[in-house]
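One structure below.
Numbering (the numbering used here), first residue to last: 5 to 289.
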């Protein structure tokens, strides 16, 4: 006796996949705001109710596209960061390994991806500068946790930098990563003008080169001293918390001086001062 696979489940999955595949291409071509529901339903050959039923709307479509790529990507990142914590190396080597652990999953093309990573990588880089609230919610929801974990780990290695300089250099890491994802062909063109060939066939070798470059930048000497407030915060963070109550500081003589108890006494002093001033010759011109 043979069993047949229910056609309804298969049809539902194929409808969802078709909507997501078409939407990913349209978002890449026109941007999130440039894709209307009418355009999406026409190109994916579904009706409006199908999009609302499966995804709830356009933001739901974008979120699902991100989730099917980002969930596995972030899982690998967490695993690589966990592995990094088990090793202890010199600061520069540590920074290089940490950066490589973070950028590698997003820059190479894993065979396990459900959809071509190249398309999503370009879409991700494009939407990273999209100010739309819907896009920001999707991207922040996908990357805030892993991004914060990576930044905190890198901050411990780069303790020689002020907060401001650390964040500027971290900003450059993200910029380098996004540009490497997009692959506009600009570097190949410039290389051609110089009779040089830019070969990206070995992506993992290129990622190691990028990580080494970025680590050297993060570990370079600070261009500005760490601010007093930042030093104070760092020093306080390293101190163990004491259970003993803090002793009250003695008041200064100035602050301890009693003030007049009543407005009448203060008024009397002002009159006395005015009388003394007039007896000395009055106000000066």
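C-beta atoms are modelled at their ideal positions from N, C-alpha and C, and glycine is treated no differently.
Source: prediction; values computed, not measured.
- Looking from the CA of residue 173, the closest CA among 226, 134, 127 and 231 belongs to 226.
- No Cβ-Cβ contact shorter than 8 Å links residue 36 with residue 146.
- Cβ-Cβ separation between residue 39 and residue 55: approximately 11 Å, too far for a contact (criterion under 8 Å).
- Between the alpha carbons of residue 201 and residue 181 lies a distance of about 21 Å.
- In the pairwise beta carbon analysis, the region 45-53 is classified as not touching the region 99-106: fewer than three pairs are separated by under 8 Å.
- Residue 52 sits in a helix when the DSSP states are folded into three classes.
- Inter-residue distance for residue 132 and residue 183 is about 11 Å (C-alpha atoms, whole angstroms).
- Judged by DSSP secondary structure, residue 196 falls within the alpha helix (DSSP H) whose first and last residues are 190-197.
- In the DSSP assignment, residue 144 falls within the alpha helix (DSSP H) that extends over 137-161.
- No Cβ-Cβ contact shorter than 8 Å links residue 52 with residue 27.
- Assignment of residue 22 by DSSP, reduced to helix, strand and coil, places it in the helix class.
- DSSP places residue 35 in no alpha helix (DSSP H); its state is neither H nor E.
- Of all alpha-carbon atoms in 31, 63 and 231, the one lying nearest the alpha-carbon of residue 163 is that of 231.
- Counting of Cβ neighbours within 10 angstroms places residue 108 among the buried residues, the total reaching 16 or more.
- The three-state secondary structure of residue 165, taken from DSSP, is coil.
- Residue 150 places its beta carbon 8 Å or farther from that of residue 207.
- Nearest Cα to residue 156 within the set 106, 143 and 21: 106.
- Note that the C-beta distance between residue 33 and residue 142 is not below 8 Å.
- When the five nearest sequence neighbours on each side are left out, the beta carbons in the same chain lying within less than 8 Å of the beta carbon of residue 74 are those of 146 and 147, in order along the chain.
- About 5 Å separates the CB atoms of residue 96 and residue 223; that is less than 8 Å, so the two are in contact.
- At the C-beta level, residue 110 and residue 185 come within 8 Å of one another.
- In its chain, beyond the 5 residues on either side, 103 and 218 have a beta carbon closer than 7 Å to the beta carbon of residue 177.
- Taking the C-beta atoms as reference points, residue 228 is found nearer than 8 Å to residue 166.
- DSSP places residue 133 outside both helix and strand once states are collapsed to three, so it counts as coil.
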